[in-house]
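Chemist: Numbering-wise, UniProt numbering puts 154 at position 154 of the sequence shown, and it's gapless, one number per residue.
This is the structure I want to talk about, given as structure tokens.
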Amino acid sequence: MEYMRSHEFTTLDNTTQTRRRHIIEAMWHEPLKAGDERTFADMPLQHMDVTNLEVLRDRKKETPFAADERLKVLRQVFDTTQNGKPITANIARIVKPFRAQTDGHQTATPGDLERFIAHHGTGSKATLYLAIQMYTSLRVSDLAALGPAHRQKDTFRFRLFKNRNRTPVDINITIHPILEAVLATHKTIGPTYLVTEFGKPFSVKGLGNRISDWWSQAGMPHLTSHSVRKGLATDVAHNEATDSMLEAMFGWRDSKTSKIYTRNAERSRLARQTVERINWDGIGPQLLALKEAENS
Numbered sequence: 001m002e003y004m005r006s007h008e009f010t011t012l013d014n015t016t017q018t019r020r021r022h023i024i025e026a027m028w029h030e031p032l033k034a035g036d037e038r039t040f041a042d043m044p045l046q047h048m049d050v051t052n053l054e055v056l057r058d059r060k061k062e063t064p065f066a067a068d069e070r071l072k073v074l075r076q077v078f079d080t081t082q083n084g085k086p087i088t089a090n091i092a093r094i095v096k097p098f099r100a101q102t103d104g105h106q107t108a109t110p111g112d113l114e115r116f117i118a119h120h121g122t123g124s125k126a127t128l129y130l131a132i133q134m135y136t137s138l139r140v141s142d143l144a145a146l147g148p149a150h151r152q153k154d155t156f157r158f159r160l161f162k163n164r165n166r167t168p169v170d171i172n173i174t175i176h177p178i179l180e181a182v183l184a185t186h187k188t189i190g191p192t193y194l195v196t197e198f199g200k201p202f203s204v205k206g207l208g209n210r211i212s213d214w215w216s217q218a219g220m221p222h223l224t225s226h227s228v229r230k231g232l233a234t235d236v237a238h239n240e241a242t243d244s245m246l247e248a249m250f251g252w253r254d255s256k257t258s259k260i261y262t263r264n265a266e267r268s269r270l271a272r273q274t275v276e277r278i279n280w281d282g283i284g285p286q287l288l289a290l291k292e293a294e295n296s
């Protein structure tokens, strides 16, 4: 397929390529309709119409996110060009997704975090994970890699895993005093702060699964690592962090051309100001309270 030879596809992360390839192959091997021996692979892209795409979408209607993921991939496929010209009109953009435009993750509240800390205890690996994410905003893919090598004095400096091969983003995150204190209570035994029972770094998938387990064990299976990111963004925004501060800390990109020239110079300063606005309704010291009680 032309799309899978395109620059847009081949510059995606390997995991994203694999996931999209599986989605495309699954759709292309499906029959045009029940009982039909012909499959969508037999139909040239130019001959597909909106009805065909709605059929592919609707076959996943029991799982709306999967249905919308199909539609997302189809839009990429129909965007493919050949010799600089579109292969066909992108009719996939006419087809409506099932779900509302949301990322599907609930936002973690300070109360949720208190419950998590109380369940796991401050000396646990689970709470170490939470402390790092509460004060850095990192995704699981970055949490799995973060370690002492990324630290320069009071700042973490590194390239975000997401889009690292296409549109890389380097960020500087000041280490919050509470996070500094939490890290000091946990012995680092490998290249990363978070390690398995065998002292080895987690794989991204392995850490994601473990984090899911930790939230479930704390009685909140509906929350995820991304829920904490959303909670942190909400927290600092309520404490008057600006859009530019959020972009600097979370590594988000802004499409306004005027910011292209100032973003890199301001990222470090703005990220530092954002960290200063992290409050979490004042629950941060609870990450240390039990440890202090144990030592008293």
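Glycine residues also receive a C-beta, built at the ideal position from the N, C-alpha and C atoms.
Alpha carbon to alpha carbon, how far is residue 119 from residue 218?
Modeler: 6 Å
Chemist: Under 8 Å: do the region 103-113 and the region 191-209 share three or more Cβ pairs, one atom per stretch?
Modeler: no
Chemist: Of all Cβ atoms in chain D, is any one closer than 7 Å to the Cβ of residue 207?
Modeler: The chain labelled as chain D is not found in the depicted structure, where only one protein chain is given.
Chemist: Taking contact to mean at least 3 C-beta pairs separated by less than 8 Å, is the region 26-41 in contact with the region 56-74?
Modeler: yes
Chemist: What do you get for residue 214, buried or exposed, if any count of 16 or more other CB atoms within 10 angstroms of its CB means buried?
Modeler: With 16 or more other Cβ atoms within 10 Å, it is buried.
Chemist: Which of the three DSSP states, helix, strand or coil, is assigned to residue 44?
Modeler: coil
Chemist: When DSSP labels each residue in this structure, what does residue 49 get in the three-state scheme?
Modeler: coil
Chemist: Is the CB-CB distance between residue 116 and residue 64 below 7 Å?
Modeler: For residue 116 and residue 64, no; Cβs fall outside 7 Å.
Chemist: From residue 199 to residue 242, what distance separates their C-alpha atoms?
Modeler: 39 Å
Chemist: Can the beta-carbon of residue 281 be found closer than 7 Å to that of residue 110?
Modeler: Contact check for residue 281 against residue 110 passes: the beta carbons are separated by less than 7 Å.
Chemist: Cα-Cα, which of 195, 178, 112 is closest to residue 222?
Modeler: Measuring from the Cα of residue 222, the nearest candidate turns out to be 112.
Chemist: Just to confirm the assignment, what range does the alpha helix (DSSP H) spanning residue 229 have?
Modeler: Looking at the DSSP string, the run of the alpha helix (DSSP H) that includes residue 229 is 225-238.
Chemist: Does DSSP put residue 209 in a helix, a strand or coil?
Modeler: helix
Chemist: Which residue wins for smallest C-alpha separation from residue 157, given the options 56, 175, 235?
Modeler: 175
Chemist: Taking the DSSP output, what are the residues bridged to residue 133?
Modeler: The partner list for residue 133 (beta bridge, DSSP) is empty, contrary to what the question assumes.
Chemist: Under the three-state reduction of DSSP, which class applies to residue 278: helix, strand or coil?
Modeler: coil
Chemist: Can at least three beta-carbon pairs, one atom from the region 74-93 and one from the region 135-151, be found at a separation below 8 Å?
Modeler: no
Chemist: Near residue 4, what residues of its chain come up, given a Cβ to Cβ distance below 7 Å and the 5 sequence neighbours on each side ignored?
Modeler: 21
Chemist: Are the beta-carbon atoms belonging to residue 2 and residue 80 less than 7 Å from one another?
Modeler: yes
Chemist: State the start and end residues of the unbroken beta strand (DSSP E) segment that holds residue 174.
Modeler: 170-174
Chemist: How many Å lie between residue 185 and residue 8 at the Cα?
Modeler: Taken atom to atom, the span from the alpha-carbon of residue 185 to that of residue 8 is near 45 Å.
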